[in-house]
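> Sharing a structure here in structure tokens format.
Residue numbers (this note's numbering), protein chains in the order written: chain A, 11 to 337; chain B, 11 to 337.
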């Protein structure tokens, strides 16, 4: 079970390796949102997303013998880079199983971080079978992207920082909006806030059509998404909340918030113009919820996690061309 | 005279008002530059540039009676926003004299920050005469953009942070590249480093054709630029080094570095792809020098100040379209 003790242990293992990201703000963003907005800029984390926290936490928690044999992850995106970067730091072998049609840049980045990338054909090959065979053959440890105790603990360190930084900013009562896929970040942050800033409450934000967590929270049981593709917020599209994460979300989180793809892109434009940070669509949904769901949020202030910035120039510039400064 | 005592006094007045910006890095940037690169992300400062430091320092140093009468500045850009933001915080009137053909967005931003914007026609009107008349009539204090003791002290606080953050990162010997216009940032940072991190040396970076500071340092006397327009790095184009700043630069700085407009744009693309920050061309010249003048730099590490991010979407996307991830 992930708990505050495990989150603080992960934070101690990360010291000097994981960046304490800043809590940004702008009077222009406040004016748009109708209240004070504090933005935890996890896009500035190593590898461009909070996933570096979970990767570091998982690798650093492994017994040295297991770590020396290596790790394996399935990911076409941010989790791959988080695991690869941590493995490189520990000089541990890392195998990342990625679909052959993943963006070239993400494949190249993962390789440049020192991981062995194994490509498979989504149409004809079974990812899990390929991974299981490799893991058995080489004694690799599988690092799941969210349903993994030490990964949730690692993401929770972001919540420890928010608890401290919100207090420094004079905010003790607020919703903390997270960009939510499988719920690893949301669960970890919710646990950290429960222990260290009980006036702050985590709430998941998701793209429309892929709001499995919001619906699961409303229904009181795990609900699946009808589809697994078709959102530009690819980084946070998962089939359903995790079996480890959902009970934590259910106990601690407020209602989910849902935004459109266009609203996520408009939030990217606002972040460009007003905060000078680069967000990917999936990393902008929490800010989009703060900006465009003001009537679903209470209080004078809201905190949102800008969870990642791994976006290509074409998508980014489409957001700027369509939405200007987002006003 | 600006000295370390004045810089530390400015830092004390800023506490809680000016952001301690992060020192970012990426293995991809290191690989491109051929050495370790640490990037001081001043684009994340309030108002999107380091100019918020000088504005705050100058306003907070004024006698309360003078501050209550108000301040005036000539600027079409970052200095205007820095002064306006500080004046608003102190509830002091601020008048910003801007050319009528300044970008609409910059005029609007300055107004939204609470300043009174007075527009003049560059072709037919005399900016200084307009400003002097307003200042005399209302008792306003002029805040110059760089040749101003308390402004230099304010920019120097960026150097205090670099001294601490470089030590935390294990770097004690390195060049610190600054984006240099009139030399306020460079002079302030050089003074702070002299006192607090003597192994770090400031070096100005400038756009080709507007390298008055590099030529002045080489010649040992103030040299002017032949032209005052024609660079996309408009934020750091000034006629010549300041009379207060140049003696400081001459005593403390290493040789200047000069980059092309294209290299500045390529550095913007690298900062987008690898650091997830938004830089304007003038704010990217120091990073460009770190990336593309490696043979003019010595040592295992280099620090560069990414001084501002106030760029419009069209210019930014031109950089991404032309240079991709900058590799």
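By construction, the Cβ of each residue, glycine as well, lies at the ideal position given by its N, Cα and C atoms.
Quick one: grab the DSSP three-state call for residue 215/B.
Reading the second chain from its first residue, position 205 is the one you call residue 215/B. Three-state result, residue 215/B: strand.
> Assuming residue 184/A and residue 313/A make a contact with CB atoms under 8 Å, what is their CB distance in whole Å?
For this step, residue 184/A is matched to residue 174 along the first chain. For this step, residue 313/A is matched to residue 303 along the first chain. At roughly 5 Å, the Cβ-Cβ gap stays under 8 Å, so residue 184/A and residue 313/A are in contact.
> Using the DSSP secondary-structure output, state which residues sit across from residue 126/A in a beta bridge.
As a working mapping, residue 126/A is identified with position 116 in the first chain. Beta-bridge pairing links residue 126/A to 105/A.
> What residues in its chain sit with their C-beta under 8 Å from that of residue 322/B, if we drop five residues either side in the sequence?
Residue numbering aside, residue 322/B sits at position 312 when the second chain is read from its first letter. Only 113, 115 meet the Cβ criterion.
> Return the bridge partner residues of residue 48/A from the DSSP annotation.
Within the first chain, the letter at position 38 stands for residue 48/A. Looking at the DSSP assignment, residue 48/A forms a beta bridge with 313/A.
> Between which two residues does the alpha helix (DSSP H) carrying residue 327/A extend?
Here the question's residue 327/A lines up with position 317 in the first chain. Residues 323 to 333.
> For the segment 182 to 201 of chain B against the segment 131 to 143 of chain B, are there 3 or more C-beta pairs whose distance is under 8 Å?
no
> Cα separation between residue 120/B and residue 235/A?
The count along the second chain starts at 1 and reaches residue 120/B at position 110. The count along the first chain starts at 1 and reaches residue 235/A at position 225. Computed Cα separation, rounded: 45 Å.
> Using the C-alpha atoms, what's the distance from residue 99/B back to residue 15/A?
Translated into the one-based positions of the first chain, residue 15/A becomes position 5. Translated into the one-based positions of the second chain, residue 99/B becomes position 89. C-alpha separation (whole angstroms): 41 Å.
> Considering residue 93/B, what are the terminal residues of the alpha helix (DSSP H) in which it resides?
Numbered from its first residue, the second chain carries residue 93/B at position 83. From DSSP, the alpha helix (DSSP H) with residue 93/B extends over 88 to 99.
> Quick check: what's the CA-CA separation for residue 140/B versus residue 147/B?
Looking up residue 140/B in the second chain gives position 130. Looking up residue 147/B in the second chain gives position 137. Near 11 Å, if we compare the C-alpha coordinates of residue 147/B and residue 140/B.
> Is the beta carbon of residue 157/B less than 8 Å from the beta carbon of residue 48/B?
As a first step, residue 157/B must be located in the second chain, where it is residue number 147. As a first step, residue 48/B must be located in the second chain, where it is residue number 38. Not a contact, by the Cβ cut-off of 8 Å.
> Apart from the five residues just before and just after residue 72/B, which ones in its own chain have a Cβ nearer than 7 Å to its Cβ?
In the second chain, residue 72/B corresponds to position 62, counting from 1. Taken in chain order, the residues that qualify are 151.
> Only counting the same chain, and skipping five residues up and downstream in sequence, which positions put a Cβ closer than 7 Å to that of residue 281/B?
Locating residue 281/B in the second chain gives position 271, where the first residue counts as 1. Result list for residue 281/B: 287, 289, 294, 297, 316, in chain order.
> Count the other C-beta atoms from every protein chain shown that fall within 10 angstroms of the C-beta of residue 291/B, then say buried if there are 16 or more, exposed otherwise.
In the second chain, counting from the first residue as 1, residue 291/B sits at position 281. Counting Cβ neighbours within 10 Å, residue 291/B comes out buried, since at least 16 surround it.
> Inspect the beta-carbon positions of residue 212/A and residue 67/A and report whether they are closer than 8 Å.
For this step, residue 212/A is matched to residue 202 along the first chain. For this step, residue 67/A is matched to residue 57 along the first chain. Contact flag unset, no.
> Are three or more beta carbon pairs between the segment 75 to 89 of chain A and the segment 212 to 225 of chain A nearer than 8 Å?
Judged by Cβ distances under 8 Å, the segment 75 to 89 of chain A makes no contact with the segment 212 to 225 of chain A, as fewer than three pairs qualify.
> Alpha carbon to alpha carbon, how far is residue 208/A from residue 170/A? Give it in angstroms, no decimals.
Here residue 170/A corresponds to residue number 160 of the first chain, with the count starting at 1. Here residue 208/A corresponds to residue number 198 of the first chain, with the count starting at 1. Between residue 170/A and residue 208/A, the C-alpha separation is close to 12 Å.
> Suppose the cutoff is 7 Å on Cβ atoms and the five residues either side in sequence are ignored; what does the same chain contact list for residue 310/B look like?
For this step, residue 310/B is matched to residue 300 along the second chain. Closer than 7 Å at the Cβ level, and outside the excluded window around residue 310/B, lie 45, 46.
> Compare the C-beta of residue 100/B against all C-beta atoms of chain A and say whether one is closer than 8 Å.
For the purposes of this step, residue 100/B is taken as residue 90 along the second chain, with counting starting at 1. By this cut-off, residue 100/B is not an interface position.
> Rank 285/A, 203/A, 159/A by C-alpha distance to the C-alpha of residue 339/A and give the top, closest one.
Past the boundaries of the shown model lies residue 339/A; chain A is included only from 11 to 337, so the question cannot be answered.
> Return no unless some Cβ of chain B is closer than 8 Å to the Cβ of residue 330/A.
For the purposes of this step, residue 330/A is taken as the residue at position 320 of the first chain. Answer yes: the Cβ-Cβ gap between residue 330/A and chain B drops below 8 Å somewhere.
> So what's residue 271/B in DSSP terms, helix, strand or just coil?
Working through the second chain from its first residue, we reach residue 271/B at position 261. Note: residue 271/B maps to helix in three-state DSSP.
> In whole angstroms, give me the CA-to-CA distance for residue 131/A and residue 97/A.
Mapped onto the first chain, residue 131/A falls at position 121. Mapped onto the first chain, residue 97/A falls at position 87. So the alpha carbons of these two residues sit roughly 25 Å apart.
> Against chain A, which members of the segment 244 to 255 of chain B pass a CB distance test of less than 7 Å?
none
> Counting only Cβ pairs nearer than 7 Å, list the residues of chain A close to residue 286/B.
What you label residue 286/B is simply residue 276 of the second chain in a count that begins at 1. Under the 7 Å cutoff, chain A gives 53, 54, 58, 287, 288, 319.
> Would you verify that the beta carbon of residue 334/B is, or is not, closer than 8 Å to some beta carbon of chain A?
Numbered from its first residue, the second chain carries residue 334/B at position 324. Yes, contact with chain A.
> Return no unless some Cβ of chain B is closer than 8 Å to the Cβ of residue 327/A.
Sequence index remark: in the first chain, residue 327/A carries index 317 (1-based). Taking Cβ atoms only, chain B reaches closer than 8 Å to residue 327/A, which makes this a yes.
> Determine the DSSP secondary structure at residue 280/B, reduced to helix, strand or coil.
Locating residue 280/B in the second chain gives position 270, where the first residue counts as 1. Helix, per DSSP.
> Just the C-alpha distance for residue 320/B and residue 331/A, rounded to the nearest angstrom, thanks.
Residue numbering aside, residue 320/B sits at position 310 when the second chain is read from its first letter. Residue numbering aside, residue 331/A sits at position 321 when the first chain is read from its first letter. C-alpha separation (whole angstroms): 16 Å.
> By how many angstroms is the C-alpha of residue 153/B removed from the C-alpha of residue 252/B?
For the purposes of this step, residue 252/B is taken as the residue at position 242 of the second chain. For the purposes of this step, residue 153/B is taken as the residue at position 143 of the second chain. Cα-Cα distance, rounded: 14 Å.
> Kindly list, in the order they appear in chain B, the residues whose Cβ is closer than 8 Å to that of residue 92/A.
Start at 1 with the first residue of the first chain, and residue 92/A comes out as number 82. Residues of chain B passing the Cβ test: none, with the nearest at roughly 14 Å.
> Going by DSSP, name the residue or residues bridged to residue 318/B.
Against the second chain, residue 318/B aligns to sequence position 308. DSSP lists 59/B as partners of residue 318/B.
> Can you tell me which of the three DSSP states residue 185/B falls into?
For the purposes of this step, residue 185/B is taken as the residue at position 175 of the second chain. Shown here, residue 185/B sits in a strand according to DSSP, grouped into three states.
> Using only the alpha-carbon positions, how far apart do residue 22/A and residue 29/A sit?
Position 12 of the first chain, counting from 1, holds the residue named residue 22/A. Position 19 of the first chain, counting from 1, holds the residue named residue 29/A. About 13 Å.
> Just how far apart, CA to CA, sit residue 59/A and residue 18/B?
In the first chain, the residue the question calls residue 59/A occupies position 49. In the second chain, the residue the question calls residue 18/B occupies position 8. Each residue's Cα considered, the two are about 34 Å apart.
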